[in-house]
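Participant: Heads up: the sequence lines are chains W and U, in that order.
FYI, in numbering that gives the first Met the number 0 the residues of the first sequence are 0 to 463.
FYI, in numbering that gives the first Met the number 0 the residues of the second sequence are 0 to 463.
Each residue gets a CB set at the ideal place from its N, CA and C atoms; glycine is no exception.
Take this structure, written in structure tokens, and hold onto it; I'll ask about it next.
Number of protein chains: 2
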Amino acid sequence: MKADFSPIFSPQTVAVIGASEDKRKLGFHVMKSLLEGGFGGTVFPVNPSRKEVMGLRAYPSLEGIEGNVDLAIVVVPATSVKEQIIACRRKGVRGIVLITAGFSEIDDPSGAALQEEIGRLATEAGIPIIGPNTFGLVNLHHGLNASFTPEFSLLKKGGVTLLSQSGGMSHLLAFLAMREEVGFSKIVGLGNRCNVDFHDILAWFVDDRETSCIALYLEGVDSARALWGEALSLRGKKPIVAYKCGRSDLGDRASKSHTGSLAGDANLYKGAMIQTGILWVEDSLELLDASKALASSALPKGERVAILSGQAGPAMAAMDVCWACGLKVEPFKGSTQEAIDELLPPLALRTNPVDMGPAWYDSKAIARIVETALLAEEVDLVLLLIMFASANSQAPRGLMEVLFNWKGKKPVLGCIMAPPGIWEDEVRELEAEGAMINFPTPERAAKAASFLCRWARFRDYGHL
Amino acid sequence: MKADFSPIFSPQTVAVIGASEDKRKLGFHVMKSLLEGGFGGTVFPVNPSRKEVMGLRAYPSLEGIEGNVDLAIVVVPATSVKEQIIACRRKGVRGIVLITAGFSEIDDPSGAALQEEIGRLATEAGIPIIGPNTFGLVNLHHGLNASFTPEFSLLKKGGVTLLSQSGGMSHLLAFLAMREEVGFSKIVGLGNRCNVDFHDILAWFVDDRETSCIALYLEGVDSARALWGEALSLRGKKPIVAYKCGRSDLGDRASKSHTGSLAGDANLYKGAMIQTGILWVEDSLELLDASKALASSALPKGERVAILSGQAGPAMAAMDVCWACGLKVEPFKGSTQEAIDELLPPLALRTNPVDMGPAWYDSKAIARIVETALLAEEVDLVLLLIMFASANSQAPRGLMEVLFNWKGKKPVLGCIMAPPGIWEDEVRELEAEGAMINFPTPERAAKAASFLCRWARFRDYGHL
Numbered sequence: 000m001k002a003d004f005s006p007i008f009s010p011q012t013v014a015v016i017g018a019s020e021d022k023r024k025l026g027f028h029v030m031k032s033l034l035e036g037g038f039g040g041t042v043f044p045v046n047p048s049r050k051e052v053m054g055l056r057a058y059p060s061l062e063g064i065e066g067n068v069d070l071a072i073v074v075v076p077a078t079s080v081k082e083q084i085i086a087c088r089r090k091g092v093r094g095i096v097l098i099t100a101g102f103s104e105i106d107d108p109s110g111a112a113l114q115e116e117i118g119r120l121a122t123e124a125g126i127p128i129i130g131p132n133t134f135g136l137v138n139l140h141h142g143l144n145a146s147f148t149p150e151f152s153l154l155k156k157g158g159v160t161l162l163s164q165s166g167g168m169s170h171l172l173a174f175l176a177m178r179e180e181v182g183f184s185k186i187v188g189l190g191n192r193c194n195v196d197f198h199d200i201l202a203w204f205v206d207d208r209e210t211s212c213i214a215l216y217l218e219g220v221d222s223a224r225a226l227w228g229e230a231l232s233l234r235g236k237k238p239i240v241a242y243k244c245g246r247s248d249l250g251d252r253a254s255k256s257h258t259g260s261l262a263g264d265a266n267l268y269k270g271a272m273i274q275t276g277i278l279w280v281e282d283s284l285e286l287l288d289a290s291k292a293l294a295s296s297a298l299p300k301g302e303r304v305a306i307l308s309g310q311a312g313p314a315m316a317a318m319d320v321c322w323a324c325g326l327k328v329e330p331f332k333g334s335t336q337e338a339i340d341e342l343l344p345p346l347a348l349r350t351n352p353v354d355m356g357p358a359w360y361d362s363k364a365i366a367r368i369v370e371t372a373l374l375a376e377e378v379d380l381v382l383l384l385i386m387f388a389s390a391n392s393q394a395p396r397g398l399m400e401v402l403f404n405w406k407g408k409k410p411v412l413g414c415i416m417a418p419p420g421i422w423e424d425e426v427r428e429l430e431a432e433g434a435m436i437n438f439p440t441p442e443r444a445a446k447a448a449s450f451l452c453r454w455a456r457f458r459d460y461g462h463l
Numbered sequence: 000m001k002a003d004f005s006p007i008f009s010p011q012t013v014a015v016i017g018a019s020e021d022k023r024k025l026g027f028h029v030m031k032s033l034l035e036g037g038f039g040g041t042v043f044p045v046n047p048s049r050k051e052v053m054g055l056r057a058y059p060s061l062e063g064i065e066g067n068v069d070l071a072i073v074v075v076p077a078t079s080v081k082e083q084i085i086a087c088r089r090k091g092v093r094g095i096v097l098i099t100a101g102f103s104e105i106d107d108p109s110g111a112a113l114q115e116e117i118g119r120l121a122t123e124a125g126i127p128i129i130g131p132n133t134f135g136l137v138n139l140h141h142g143l144n145a146s147f148t149p150e151f152s153l154l155k156k157g158g159v160t161l162l163s164q165s166g167g168m169s170h171l172l173a174f175l176a177m178r179e180e181v182g183f184s185k186i187v188g189l190g191n192r193c194n195v196d197f198h199d200i201l202a203w204f205v206d207d208r209e210t211s212c213i214a215l216y217l218e219g220v221d222s223a224r225a226l227w228g229e230a231l232s233l234r235g236k237k238p239i240v241a242y243k244c245g246r247s248d249l250g251d252r253a254s255k256s257h258t259g260s261l262a263g264d265a266n267l268y269k270g271a272m273i274q275t276g277i278l279w280v281e282d283s284l285e286l287l288d289a290s291k292a293l294a295s296s297a298l299p300k301g302e303r304v305a306i307l308s309g310q311a312g313p314a315m316a317a318m319d320v321c322w323a324c325g326l327k328v329e330p331f332k333g334s335t336q337e338a339i340d341e342l343l344p345p346l347a348l349r350t351n352p353v354d355m356g357p358a359w360y361d362s363k364a365i366a367r368i369v370e371t372a373l374l375a376e377e378v379d380l381v382l383l384l385i386m387f388a389s390a391n392s393q394a395p396r397g398l399m400e401v402l403f404n405w406k407g408k409k410p411v412l413g414c415i416m417a418p419p420g421i422w423e424d425e426v427r428e429l430e431a432e433g434a435m436i437n438f439p440t441p442e443r444a445a446k447a448a449s450f451l452c453r454w455a456r457f458r459d460y461g462h463l
């Protein structure tokens, strides 16, 4: 069902049905997530056998709560879920996160039947359910951690929203994002999708101001046609990147028992995505990298890349990826080349890629080379690759002014890499200002650039 | 030239020709690397205009040094290099690291001519030269940092030796290795290879007891035939992994000006590598991952993988990679499956992959599932995937005993991932004991597994 998902992502009041102080229960971890995650609204623990949970007054049932409940998080056993959904209807709850498992993903057909029934009950009352069989969701812009993993709140706030069919993959991507400081807006575990499937919720995120790129992890959807239709109607509005697993012949079996859907033929998915403007990625790191770039970079006007590198090897590696992805790394025009020639000693590789190494001790020359490439009409995107060496320790600092001046005008993706503890502040500052987006390898930077170019081409010309 | 490279990698006495206290000179950084890197031998700074460099007595020339000089590191300008090589001959120096640039990589043909001459002079005297146009080398097992980057000494000691045509790529791989705690034996920048090329030095590393996997980064070699011949004669003795850049049509131009060789046709390289038993990787992360696995894992007897996962999504991702790489993820035999069935509640995905999630609170059951897979005759390698959640926080600790018991017997590659600061000790302990090798994503773990399987097959059956 399509719905207003605001009460789910930005609730003022949240009830936890099955709140607990027993660390072996998910109801404990959900309470911990809510209370430690910086949520500014009111939390109502619901537990008939407790007067208090974690210092908050506990309610025997939803009914007993005075005032409205925007969001109910349900963690009671599957057998008790139906009565709680009915209670939510009576209470006028506006959205449900149903963490409990044991529905369409189990072999016993009673699981699917129960899921259908609770879906119907909620849909009749206009209540969207995220789940069942999910870890929950987080909205970092609202301080809302409605999941059983308090550590999600460690994520940096940013523009990437992940809609995922897998809790494990959501956790993995979150942990990678923490290490690489990728900022997230929301992470949503759609689980078995009892009445909210990918196609129901996609448009809401396209309109969501706090989301600038939508990342999808999927295994198989039951209503693929609805997803492609929705993507088609939203095409060009906001970048959507998808990682589809379950490609092998064994995928169907595993996917079915995971979140209750067959994986289906990966090539059909890929073809449909290309037609509907969803960017296809090959693995979890690519999903993260493409999302990071698309969430915060200016878009290139074409595919012409200038590779400015402190060292030749990384430039070669980036050039290979550009070439494989159809990006253009072409010689500069005469005037650009002349300007660069003046800034480099005769030994250097001066054309595209430019090996800036021989000018390391002259940070002004480095900055002017970068500026020259940014000014060049024939350059749509700059790849800036600098591996730390003692001689270039001042390089990122020296580049800041020119990169700040150009922010938002022409995309600069980089691989500025150093031993742990070195250059971290500089990179963080550049990324925070949106003046450069950094990746741990030249190949990942170049691949991310290819997603920017593909998205820009799709938006401008309608094909990927 | 082939030579005994021991004086280069394990010298007792090192002269730095061009030692300096001027931070703008490489001679400063080389001295710093040597003095701060834990080198136990004697360092002789050579500088005619100083009495002392960094607290050490400086010598006006090599001649003035009493006693033998095993290794000379040369950082004087290109125009002075020839006389220093002659001085090295006279002194009986046993090996040279020639950092200076400005030889065959420059457009001016005088560069190539000079390089040929110094190569000849050194070869006549039986002195191997690493370089010119190199950052130098490090040998972590000897505390020797003969490079202009003191930070190389931060690397963990281990079994991977990198032979690289690019300093930038060596720095990148070192920084990645520091983040991911991959242990290195040696990193060697071969530069322009004036008398020591890949094929000259390969056999020495195959014999080197401190090297258990050889990683190559190359762009183009001048004497490819010699390299394939050497690889062929060494085949099956030690795993060799190669990353070849310069694949695009632009590669030749960039490669020539980098270290003086044409890049050549990548497909010819790939074909030759497959025939000679060198494992081909697609990017820098794969080079690191394959090397890490090959340097420290037991080898599988076949390609049959058990995927044991805490969550279904990561298992799906790993399964896709296994499938794409030709590994087998097949249902278990009856007795294995029965043993696993007893340990899991009915909701779980019990066959291969096994979703261990439903048993999280029973760490003994988890350990017994892992043990069952390790015992199974039909399993050659275990992929262990665990994403942190509050419910499974004790899981890695609970697995240690069984993994320690099985170390060296059957390979276990994993992706045990958590927020920064969590599970780091457990993973470090498991890796230090050689009981598991960890990777940041399930896909990277599965890909690394495929390199183990390919190498094992090559060693046992002679084809990749």
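1. Please name the residue or residues paired with W279/U in a DSSP beta bridge.
2. If contact is defined by three or more beta carbon pairs under 8 Å, each pair taking one atom from either stretch, is the region 286 to 295 of chain W in contact with the region 172 to 187 of chain W?
3. In this structure, how does DSSP classify D470/U when only helix, strand and coil are distinguished?
4. Whole angstroms is fine: what's the gap from T440/U's alpha carbon to L286/U's?
5. Below 8 Å, how does it come out for the region 81 to 96 of chain W and the region 60 to 68 of chain W: are there three or more Cβ pairs, yes or no?
6. Please list, in chain order, all residues of the same chain as L398/U whose beta carbon is under 7 Å from its beta carbon, the five residues on each side excluded.
7. In chain W, what lies closer than 9 Å to F387/U by C-beta?
8. Checking 9 Å against the spacing of the C-beta atoms, do I126/U and I95/U come in under that value?
9. To which residues of the same chain is E442/W closer than 6 Å at the C-beta, ignoring the five residues directly before and after it?
10. Given a limit of 9 Å on CB to CB distance, which residues of the region 417 to 445 of chain U reach chain W?
11. Rounded to a whole number of angstroms, what is the C-alpha to C-alpha distance between W203/U and Y216/W?
12. So, using beta-carbon positions, are V75/U and G36/U closer together than 9 Å?
13. Within the same chain, show all residues whose beta-carbon is closer than 7 Å to that of A265/U, passing over the 5 residues directly before and after it, in chain order.
14. Listed from N- to C-terminal order along the chain, which residues in the region 292 to 315 of chain U have their beta-carbon within a distance smaller than 8 Å of any beta-carbon of chain W?
15. Less than 9 Å separating the beta-carbons of A176/U and K155/U?
16. If you run the structure through DSSP and keep just helix, strand and coil, what is M22/W?
17. At a Cβ cut of 9 Å, what residues of the region 259 to 291 of chain U count as close to chain W, listed as they run along the chain?
18. Could you tell me the distance, in whole angstroms, from the CA atom of M435/W to the CA atom of K269/U?
19. Here's the rule I'm using: 16 or more other beta-carbon atoms within 10 Å means buried, otherwise exposed. How should E123/W be labelled?
20. For chain U, find out if any of its Cβ atoms is closer than 9 Å to the Cβ of W227/W; answer yes or no.
21. Name, going along the chain, the residues of the region 184 to 196 of chain U whose beta-carbon falls closer than 7 Å to a beta-carbon of chain W.
22. Measuring straight from C-alpha to C-alpha, what distance separates L136/W and K327/W?
23. For S211/U, would you say it is in contact with chain W, using Cβ-to-Cβ distances shorter than 9 Å as the test?
24. If the criterion is Cβ atoms closer than 9 Å, does the pair L383/U and V411/U meet it?
25. For E218/U, go through chain W and note every residue whose CB falls closer than 7 Å to its CB, in chain order.
26. Starting from T371/W and walking both ways along the alpha helix (DSSP H), at which residues does that stretch end?
27. Look up R303/U in the DSSP assignment and give the residues it is bridged to.
28. What separation, rounded to the nearest whole angstrom, lies between the Cα atoms of E337/U and N144/W?
29. Using a Cβ-Cβ cut-off of 8 Å (strictly less than) and excluding sequence neighbours within five positions of I273/W, which residues of its own chain qualify?
30. Going along the chain, which residues of its own chain have a beta-carbon closer than 6 Å to the beta-carbon of D379/U, five neighbours each way excluded?
31. Determine, using beta carbons only, whether A323/U comes closer than 9 Å to chain W.
32. For a cutoff of 9 Å on Cβ pairs, would you count D319/W as touching chain U?
33. Based on Cα-Cα distance, which residue from G101/U, F102/U and T275/U lies nearest to R477/U?
34. Can you check whether the C-beta of M177/U is within less than 9 Å of a C-beta belonging to chain W?
35. Exposed or buried, which one is A112/W when buried takes at least 16 other CB atoms within 10 Å?
36. What is the rounded straight-line gap between the Cα of P108/U and the Cα of N132/U?
Facilitator: From the atom records:
1. A241/U, per the DSSP bridge assignment.
2. Yes, the region 172 to 187 of chain W is in contact with the region 286 to 295 of chain W.
3. This structure cannot settle anything about residue 470/U, because the visible part of chain U is limited to 0 through 463.
4. Distance between the alpha carbons of T440/U and L286/U: 15 Å.
5. Short answer: they touch.
6. So the qualifying residues of the chain are I365, A366 and V369.
7. Simply T148, E150, H170 and F174.
8. Yes.
9. Cβ neighbours of E442/W beyond the five flanking positions: A316 and V320.
10. Residues passing the 9 Å Cβ filter: A417, P418, P419, I421, P439, T440, P441, E442 and R443.
11. When rounded, the distance between both Cα atoms is 47 Å.
12. No, the Cβ-Cβ distance between V75/U and G36/U is not below 9 Å.
13. The residues are K243 and R246.
14. Contacts with chain W (Cβ-Cβ distance below 8 Å) from the region 292 to 315 of chain U involve S308, G309, Q310, A311, G312, P313, A314 and M315, listed in chain order.
15. The Cβ-Cβ distance between A176/U and K155/U falls below 9 Å.
16. One point to set straight first is that residue 22/W is Lys, not Met, in the sequence displayed. The answer is coil: DSSP assigns K22/W none of H, G, I, E or B.
17. Answer in chain order: A262, A265, E281, D282, S283 and L284.
18. The straight-line gap from Cα to Cα measures roughly 35 Å.
19. So E123/W counts as exposed.
20. Interface criterion not met: the Cβ of W227/W is under 9 Å from no Cβ in chain U.
21. The residues in question: there are none.
22. Cα-Cα distance, rounded: 40 Å.
23. So no, S211/U is outside the interface.
24. Yes; because the gap between Cβ atoms is below 9 Å, this pair is in contact.
25. In chain order: M315.
26. First-last of the alpha helix (DSSP H) with T371/W: S362 to L374.
27. R303/U is bridged to K327/U.
28. Approximately 39 Å between the Cα atoms of the pair.
29. Beyond the five residues adjoining it in sequence on each side, I273/W comes within less than 8 Å, by CB distance, of W279 and L463 in the same chain, given in chain order.
30. Excluding residues within five positions, the ones whose Cβ falls inside 6 Å are P299, K300, G301 and R303.
31. The C-beta of A323/U comes closer than 9 Å to at least one C-beta of chain W.
32. It does: the Cβ of D319/W has a partner Cβ on chain U nearer than 9 Å.
33. Shown here, chain U extends from 0 to 463; a query on residue 477/U therefore has no answer.
34. Yes, M177/U counts as interfacial toward chain W.
35. With fewer than 16 other Cβ atoms within 10 Å, it is exposed.
36. When rounded, the distance between both Cα atoms is 16 Å.
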